[in-house]
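K.L.:
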Amino acid sequence: MSKMTKIDIITRPEKFEALKQALNEIGVTGMTVYQVLGCGIQKGKTEFYRGAPLEINLLPKIKLETVVCEVPVSEVIRVAKEVLYTGEIGDGKIFVYDVENVIKIRTGEEGVRAL
Amino acid sequence: MSKMTKIDIITRPEKFEALKQALNEIGVTGMTVYQVLGCGIQKGKTEFYRGAPLEINLLPKIKLETVVCEVPVSEVIRVAKEVLYTGEIGDGKIFVYDVENVIKIRTGEEGVRAL
Amino acid sequence: MSKMTKIDIITRPEKFEALKQALNEIGVTGMTVYQVLGCGIQKGKTEFYRGAPLEINLLPKIKLETVVCEVPVSEVIRVAKEVLYTGEIGDGKIFVYDVENVIKIRTGEEGVRAL
Amino acid sequence: MSDYILNSMWVLIASVLVFLMHAGFSMVEVGFTQSKNAVNIIMKNFVTVAIGVTIYFAIGFAFMYGKDAGGIIGTNLFFLVNKPESMGGVMFESYFFFQAIFAATCVTIVSGAVAERTKFNAYVIFCVLAVIVIYPVIGHWIWGGGFLQKFGFTDFAGGTAVHAVGGFCALVGAKLVGPRKGKYRNNKATAIPGHNIPLAALGVLILWFGWFGFNPGSTLDITSPSTLHAAITTLLSGSIATIAALVFSKIKYGKPDAGLTLNGALAGLVGITAGASMVDYTGALIIGTICGVMMVLSVEFIDQKLKIDDPVGAISVHGLCGALGTIFVGLFSVTEGLFYGGGISLLGKQIVGVAICAAVAMTISFVIFYTIKKTIGLRIDKEMEDDGIDKIEHGISAYISL
Amino acid sequence: MSDYILNSMWVLIASVLVFLMHAGFSMVEVGFTQSKNAVNIIMKNFVTVAIGVTIYFAIGFAFMYGKDAGGIIGTNLFFLVNKPESMGGVMFESYFFFQAIFAATCVTIVSGAVAERTKFNAYVIFCVLAVIVIYPVIGHWIWGGGFLQKFGFTDFAGGTAVHAVGGFCALVGAKLVGPRKGKYRNNKATAIPGHNIPLAALGVLILWFGWFGFNPGSTLDITSPSTLHAAITTLLSGSIATIAALVFSKIKYGKPDAGLTLNGALAGLVGITAGASMVDYTGALIIGTICGVMMVLSVEFIDQKLKIDDPVGAISVHGLCGALGTIFVGLFSVTEGLFYGGGISLLGKQIVGVAICAAVAMTISFVIFYTIKKTIGLRIDKEMEDDGIDKIEHGISAYISL
Amino acid sequence: MSDYILNSMWVLIASVLVFLMHAGFSMVEVGFTQSKNAVNIIMKNFVTVAIGVTIYFAIGFAFMYGKDAGGIIGTNLFFLVNKPESMGGVMFESYFFFQAIFAATCVTIVSGAVAERTKFNAYVIFCVLAVIVIYPVIGHWIWGGGFLQKFGFTDFAGGTAVHAVGGFCALVGAKLVGPRKGKYRNNKATAIPGHNIPLAALGVLILWFGWFGFNPGSTLDITSPSTLHAAITTLLSGSIATIAALVFSKIKYGKPDAGLTLNGALAGLVGITAGASMVDYTGALIIGTICGVMMVLSVEFIDQKLKIDDPVGAISVHGLCGALGTIFVGLFSVTEGLFYGGGISLLGKQIVGVAICAAVAMTISFVIFYTIKKTIGLRIDKEMEDDGIDKIEHGISAYISL
Ligand SMILES: Nc1ncnc2c1ncn2[C@@H]1O[C@H](COP(=O)(O)OP(=O)(O)O)[C@@H](O)[C@H]1O
Ligand SMILES: Nc1ncnc2c1ncn2[C@@H]1O[C@H](COP(=O)(O)OP(=O)(O)O)[C@@H](O)[C@H]1O
Ligand SMILES: Nc1ncnc2c1ncn2[C@@H]1O[C@H](COP(=O)(O)OP(=O)(O)O)[C@@H](O)[C@H]1O
């Protein structure tokens, strides 16, 4: 079983459509998307709500999670960087994890073939 | 410390109740559920919204995440496959990951005992 | 590249603000937050909705995910336990995972420097 | 200036209030069902209003208020051709406007009960037919000079003509289309809770608001004290029924049930509709209380014993309380009711009238629904039910946030 | 046909408009609080209406408009027994209907201020008592022939009788029940923002709509130009107060604050209520502007200085602006106001009247809330507050999507 | 008591119904846009109402209904100073109240079309200017004794004066501010779906409700049969247009489109506005059908051919259908319409009138928007557009759940 890797891309919601398309083009078809709230260097600010301080320090982000095997991880990262880069704070981050196994419920296939 | 494993099951929202019950029966009690959007082989289609094309290519899914140790991973997978299988596209996938450690906040227990 | 670790803290939504502050104080600045539903020892109960039984066995939780490297994992866990402990069921759990790599899109930095 | 103008104006205003009830119905039905079918519910409510009005204008009104033929049906005024100048003591236009806005209500009731699993085109066909043959025909019998009216059956603002008829059609429809997937597991009812209680609550309050056009407006006569009397009985019955349902659900299930409390208000409003101008305040309070409690029992009975899946409780609220309220006129009418020394004559007529209307409504709607089922089919397919009608049938979700 | 009929009709219609305000209050309170307590808010609003109407019918109206005893309280007309044919120049039924729909408003105001942490049954008890002893008694003094009315205190549509009284009860309630968990961290106020601004906005607009029944309806006389005058002053004051709050919040906090802008509209509407028929357009614009600004200051003061947690701003909107608006009648009344050459006589009476009402409202509500606190308890337990009242007390969430 | 009182009362009530349309507009605009800009939409609607009313009181009404100067503009009644006792056959106050509530509608239409990308202060400036120079001036020409009225141009309730003018300003605004980011990818239109269809549906039904004040109220005369006639044509046109849009969208796109169906109802309502009292039932049905279909075509044309981004479809619904409906009066007017033997005289006048109003509205709004663009700027910055106006400009999200 060749190595399978999970790539988590956390970025601005409005970049999602472009990212998805770019990933499709390099052969990534399966993905799962989360709506999350994040903070990193890009901090929120203190706002006022009815005059009381309200720290909005979590910004809505999306996390796109894709487990790949045949498509090289580096390729996914390259494409993501290309599409998501603006140079502004808030471009986001990519996290890479190891995956032990994948099972496709419909066919029962495991590992690479399940992707 | 015996090996702990995280199992992510991504499937149709309407199957959740049945899946939960089946997992409870084999001794899995702790779980965390995410509402996610996913695409895999099951693609969305292009719809029209006020005449403009709208790609709905993300379908609502749930991700059930459970970290197990004593309950064998294979058992969880077997049960999930049993409950979720319909043979139709969209049955979903199971991802298996390694877990380094678990801590139960209330008791401070770590590892297996925390599950 | 020194070891990077992902720490998932699942706990009560109302504890989030305090947890975030405490983590900031020990130098954790990046984090991603999920709104999830969970069940563990803290079970839901059977309620009635228009007279029909309704099992509410998933309670809303938040999952705070943070990938750390320089900040020691043990320190994060210590702080989380401190802030989140009430001794009541529902305090939550902490899961620790290994991370292979991190990339910061804005700068292209990888690994520790991306955090 | 005459009473004629004033009453025409009053009926116009009352009609406009009633119109907002369509918003109320929409919000109640949306709120009490799952988010994945919210667009479909909305669409159903819009076509119901649109089709209801259009067809009632073309045919329904003629059947209902045209020249009576044999006590069964009206026979002229199609497309309002040759309309008279006045009707019911008000300008003809006022009269028609009030009735036209009513017309779709009866069908809307059905849309709630069959929600989340009925084909859109099947529902549209039912809607068209119901506005032609169910509502106007029974309406003719009760209000248009038909045999029930001659017989002495009394239904002030539509407890039977609108609500019970709608509720009984809903019963038939919900039975024939079958329960939603997952509603009965191992033959036991499980809850499929509504997805937006605040919207449902808004809907109930909007309906209540509209009811003050529905009931007081039905006198067609603002100079008569019974108009205002009807407003007060409507207010009292709705209020006490809310309390009754709340308290009773608390006793029965241990918690004040939100869904049942909201339905309670509606139960009281439906219950008072048939007799709003005829019962006194005490009567209104008793009717409201009984309807609030009976509705709770009925919801459980229909759900768990009859195993008919009615997501919004329409059968209990409109069918049961509409029928009960109509019969109660025979007990509580201050002029002819049994409890007020009027003997059992009116009571008998009310029971017979309700029974006839219920039987006819159920028969016709059975024929319609059954024919649809056997031809184009009533039920959406499994996949659509799982994924939600919105995405498949309408190509869009009600709530989009990515 | 006579003015009598016409006015009775007008009051009926105005009452129906006022009724929709209950939907407005519900949506404002739901929108400005957290989603985990939305069902509870809804339930509170429903019981408030239901109990308000029922008890007011039984007792409240009698206390308020029954035969005066010593300028303090009304003594007949319980359950409307032996009701006269007319009252206030309109059909008695119209009069009662209008008043009954008003009755619960005062209590509804309290429900917003004590939201998210008050026991459901504690609130219900307060609601019952308030509709018996607070609103009708003070109402009797002001409108029912009581001592304040005789004294010359003037409150056109309820700036004090409804709003200020409600707001002062809210102050006491919110103080006694204490702030929501997490509201004050390290003794500093933090924001707990509302969860649905669009619903809150809808609520405000619905309230505004209803206000056109509330204020113009209070003349009970459509033939009088002051009815229409009141409609226009209501429109102007609400509008300018919206702008005032928006601009002032922008100046003060750097951003146009949505919550304060919505509250601004309400502040202007409350502010004009006491004098809508008595002040001229300029007066209305000044009153609206002042109320819009003062409300913003008051929200901050109550939140950060008094450290009383009022999730929806009810104390500032209703209490402060109701009181201010009533006092302003002494300044801006075109017939007797200080600024219009009327001297300080009316102003003095207004101040005294408001002070008495505020004191009494606060005292009675203190007694009620304090007794509840010491017996069954006012406050939900910690766990319920964390997890949301909906799930624990009502067994259901407002929004369900899985 | 006289017709005078009765009509004044009717106009008051109609105005109040119209007022709720502001809630309708808000909900439609919120529902059809993205959640991240919902607070901003709400704020825009609130300032529109508040500013609209205030400025119309100060200046707009004078320009519109003051003493005519050269057929171009009114010249007295600023701040309603020296107001007459009556106007248009009703109490002056009634007249003003009705008009003042109308005034902001025209601008509200624009707010929908430029939503999600326009600077708040830029919009506020446009709003102020539009309520001073666009709406009242064109309104003066059509209704206030200006040259179009003298010329014989006819617009019953504002098909052109309110809707077409609003729609054409919207066209200019939307063009100048440019499409939302991501609306056109590779030069092809993509959908940016609205985030809350149920709220949008509620908004449409509330608007429809208000329309029964808008159209029938515009007779200012409840004693005239044309008031009720207008109510019925409004009902029929809205209904048939709903069906037409639904069926046509189903044919064209394969699914019954929810957004277009809701817009369909509005298209029919806008379409009938200019001639509601003048066309017969058949005319109303034809007008509704055409408007329902044309609106669908127009939405696509504007979106995909003109590449103007109009999130709520305001240009098609108000601009196109308002203009069409006004022209249709020349065809369907039962007294002077071409199809009813009236020759082409009225038709010609209608076309000329609409063309003049459209040209003027577009020119003035172009000057305003262009000046704003070149000075303070029309468009929010990129970051704000990405993250949502709510968070950056108002410092708060519409929906908060953590
Ligand atoms: N250490 C971390 N652990 C988990 N998530 C993180 C971490 N750092 C950043 N993130 C996520 O990535 C998002 C983008 O990070 P941010 O620092 O704002 O980006 P940039 O570095 O491009 O400015 C954050 O909002 C957060 O959701
Ligand atoms: N490679 C992947 N990485 C991450 N998530 C995936 C991947 N492939 C599939 N998924 C998730 O699993 C869900 C089901 O996959 P799908 O291919 O539609 O199922 P099936 O293979 O049964 O047809 C998807 O909607 C997506 O959320
Ligand atoms: N084995 C598990 N796998 C995944 N998530 C879990 C697991 N056990 C617990 N959780 C998550 O942690 C939350 C808290 O667990 P719970 O057992 O209620 O806490 P406590 O042990 O303090 O009572 C749960 O709601 C669930 O979301």
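Chains as they are written, first to last, in my numbering: chain V, 914 to 1028; chain L, 914 to 1028; chain S, 914 to 1028; chain X, 4 to 405; chain F, 4 to 405; chain Z, 4 to 405. Ideal placement from N, C-alpha and C gives every residue a C-beta, glycine not left out.
In this structure, does DSSP put C982(L) in helix, strand or coil?
P.N.:
Position 69 of the second sequence, counted from the first residue, corresponds to residue 982(L). The answer is coil: DSSP assigns C982(L) none of H, G, I, E or B.
K.L.:
Is there a Cβ from chain X that is less than 8 Å from the Cβ of Y947(S)?
P.N.:
On the third sequence, residue 947(S) is found 34 positions in, with the first residue counted as 1. So, not an interface residue.
K.L.:
Return yes when the C-beta of E978(L) is under 7 Å from any heavy atom of ligand 3, and no when it is not.
P.N.:
Numbered from 1 along the second sequence, position 65 holds the residue referred to as residue 978(L). Under cutoff, so the answer is yes.
K.L.:
Only counting runs of 4 or more residues, tell me where the alpha helix (DSSP H) segments fall wholly within the stretch 318 to 362 of chain X, in order along the chain.
P.N.:
Fully enclosed alpha helix (DSSP H) runs of 4 or longer: 324 to 335.
K.L.:
List the DSSP bridge partners of A173(F).
P.N.:
Working through the fifth sequence from its first residue, we reach residue 173(F) at position 170. Beta-bridge pairing links A173(F) to no other residue.
K.L.:
Which residues, in chain order, does the stretch 962 to 979 of chain S contribute to contact with chain X at a C-beta distance below 7 Å?
P.N.:
Within the stretch 962 to 979 of chain S, the residues whose Cβ lies closer than 7 Å to some Cβ of chain X are Y962, R963, G964, A965, P966, L967, listed in chain order.
K.L.:
Measure the alpha-carbon distance for M469(Z) versus Y98(Z) and round it to whole angstroms.
P.N.:
What is shown of chain Z runs 4 to 405, which leaves residue 469(Z) out entirely.
K.L.:
Could you tell me if A279(X) is buried or exposed, where buried requires 16 or more neighbouring beta carbons within 10 angstroms of its beta carbon?
P.N.:
The residue labelled residue 279(X) in the question sits at position 276 within the fourth sequence. Under this definition A279(X) is a buried residue.
K.L.:
Does any heavy atom of ligand 1 sit closer than 7 Å to the C-beta of M944(S)?
P.N.:
What you label residue 944(S) is simply residue 31 of the third sequence in a count that begins at 1. Yes, ligand 1 has a heavy atom inside 7 Å of this Cβ.
K.L.:
Identify the contact partners of T959(V) in chain S, using a Cβ-Cβ distance below 9 Å as the criterion.
P.N.:
The sequence position of residue 959(V) within the first sequence is 46, counting from 1. None at all; the shortest Cβ gap to chain S is about 13 Å.
K.L.:
My output table needs one value for M281(F): the three-state DSSP class, helix, strand or coil.
P.N.:
Here residue 281(F) corresponds to residue number 278 of the fifth sequence, with the count starting at 1. Note: M281(F) maps to coil in three-state DSSP.
K.L.:
Check the DSSP bridge columns for K919(V) and list the partner residues they point to.
P.N.:
Position 6 of the first sequence holds residue 919(V). Partner(s): V980(V), Y1010(V).
K.L.:
Only counting the same chain, and skipping five residues up and downstream in sequence, which positions put a Cβ closer than 8 Å to that of L9(Z)?
P.N.:
Position 6 of the sixth sequence, counting from 1, holds the residue named residue 9(Z). Within the same chain, L9(Z) has close Cβ partners I225, T226.
K.L.:
Helix, strand or coil for A425(F)? Go by DSSP, reduced to three states.
P.N.:
Nothing in the structure corresponds to residue 425(F), since chain F is present only between 4 and 405.
K.L.:
Output needed for A147(Z): all residues of its chain with C-beta closer than 6 Å, excluding positions within five of it in sequence on either side, in chain order.
P.N.:
Reading the sixth sequence from its first residue, position 144 is the one you call residue 147(Z). Correcting the residue identity first, residue 147(Z) is Gly in this sequence and not Ala. Within the same chain, G147(Z) has close Cβ partners M67, Y68, G77.
K.L.:
Three-state secondary structure (DSSP) at L950(L)?
P.N.:
Residue numbering aside, residue 950(L) sits at position 37 when the second sequence is read from its first letter. Reduced to three states, the DSSP call for L950(L) is strand.
K.L.:
Going by the beta-carbon positions, is the gap between L223(Z) and G92(Z) smaller than 8 Å?
P.N.:
As a first step, residue 223(Z) is located in the sixth sequence; it is residue number 220 there, counting from the start. As a first step, residue 92(Z) is located in the sixth sequence; it is residue number 89 there, counting from the start. Their beta carbons are under 8 Å apart, which means L223(Z) touches G92(Z) by this criterion.
K.L.:
Do the stretch 932 to 942 of chain V and the stretch 988 to 998 of chain V touch if we need at least three Cβ pairs shorter than 8 Å?
P.N.:
The stretch 932 to 942 of chain V, when compared against the stretch 988 to 998 of chain V, does touch it at the 8 Å Cβ threshold.
K.L.:
Closer than 7 Å: is that where the CB of K310(F) sits relative to any heavy atom of ligand 1?
P.N.:
Counting from 1 along the fifth sequence, the entry for residue 310(F) is found at position 307. False, no ligand heavy atom lies under 7 Å from that Cβ.
K.L.:
Flag I1018(V) as yes when its Cβ comes closer than 7 Å to any non-hydrogen atom of ligand 2, and as no otherwise.
P.N.:
Your numbering for residue 1018(V) matches position 105 in the first sequence. At least one heavy atom of ligand 2 is nearer than 7 Å to the Cβ of I1018(V), so yes.
K.L.:
Provide the residue span of the alpha helix (DSSP H) that contains L971(V), from first to last.
P.N.:
Taking the first residue of the first sequence as position 1, residue 971(V) is located at position 58. No alpha helix (DSSP H) contains L971(V), which DSSP labels as neither H nor E.
K.L.:
Below 8 Å between beta carbons is the criterion; list the residues of the stretch 999 to 1020 of chain V that meet it against any residue of chain L, in chain order.
P.N.:
Residues passing the 8 Å Cβ filter: Y1010, D1011, V1012, E1013, N1014, V1015, I1016, K1017, I1018, R1019.
K.L.:
I need the straight-line Cα distance from E396(X) to K122(X), nearest angstrom please.
P.N.:
As a position in the fourth sequence, residue 396(X) is number 393, starting the count at 1. As a position in the fourth sequence, residue 122(X) is number 119, starting the count at 1. Looking at the two C-alpha atoms, the distance is approximately 9 Å.
K.L.:
With a CB to CB cut of under 8 Å and the five nearest residues on each side skipped, what residues in its chain are close to G940(V)?
P.N.:
Locating residue 940(V) in the first sequence gives position 27, where the first residue counts as 1. Cβ within range, chain order: E983, V984.
K.L.:
Nearer than 7 Å: is that true of the beta carbon of G951(V) relative to any heavy atom of ligand 1?
P.N.:
For the purposes of this step, residue 951(V) is taken as the residue at position 38 of the first sequence. Checking the Cβ of G951(V) against ligand 1 gives yes.
K.L.:
With a threshold of 8 Å between beta carbons, is R1026(S) in contact with chain F?
P.N.:
Numbered from its first residue, the third sequence carries residue 1026(S) at position 113. It does not; no Cβ of chain F falls within 8 Å.
K.L.:
Would you check if the stretch 1011 to 1021 of chain L and the stretch 1004 to 1012 of chain S touch, i.e. whether three or more CB-CB distances between them fall below 8 Å?
P.N.:
Because the criterion of three Cβ pairs below 8 Å is met, the stretch 1004 to 1012 of chain S and the stretch 1011 to 1021 of chain L touch.
K.L.:
When you measure from the CB of G1003(L) to every non-hydrogen atom of ligand 2, does any distance come out below 7 Å?
P.N.:
If you number the second sequence from 1, residue 1003(L) lands on position 90. At least one heavy atom of ligand 2 is nearer than 7 Å to the Cβ of G1003(L), so yes.
K.L.:
Using a beta-carbon distance cut-off of less than 9 Å, what residues from the stretch 300 to 329 of chain Z approach chain V?
P.N.:
Residues passing the 9 Å Cβ filter: none.
K.L.:
Indicate the three-state DSSP secondary structure (helix, strand or coil) for Y138(X) in the structure shown.
P.N.:
Start at 1 with the first residue of the fourth sequence, and residue 138(X) comes out as number 135. If DSSP states are grouped into helix, strand and coil, Y138(X) belongs with the helices.
K.L.:
Going by CA-CA distance only, name the one from L132(X), G185(X), I318(X) that's closest to Y59(X).
P.N.:
The residue given as residue 59(X) occupies position 56 in the fourth sequence. It is L132(X) whose Cα lies nearest to the Cα of Y59(X).
K.L.:
Determine the burial state of D389(X): buried for a count of at least 16 other Cβ atoms within 10 Å of its Cβ, exposed for fewer.
P.N.:
Position 386 of the fourth sequence holds residue 389(X). Flag for D389(X) reads buried.
K.L.:
Bridge partners for A192(X) per DSSP, in chain order?
P.N.:
Position 189 of the fourth sequence, counted from the start, is the residue given in the question as residue 192(X). In the DSSP output, where bridge partners are listed per residue, A192(X) has Y187(X).
K.L.:
Determine the burial state of S987(S): buried for a count of at least 16 other Cβ atoms within 10 Å of its Cβ, exposed for fewer.
P.N.:
Reading the third sequence from its first residue, position 74 is the one you call residue 987(S). Under this definition S987(S) is an exposed residue.
K.L.:
Comparing the C-beta of G940(L) with each C-beta of chain S, is any distance below 8 Å?
P.N.:
As a working note, residue 940(L) is residue 27 in the second sequence. Chain S contact via Cβ: absent.
K.L.:
Per DSSP, what kind of secondary structure is N3(F) in: helix, strand or coil?
P.N.:
Past the boundaries of the shown model lies residue 3(F); chain F is included only from 4 to 405, so the question cannot be answered.
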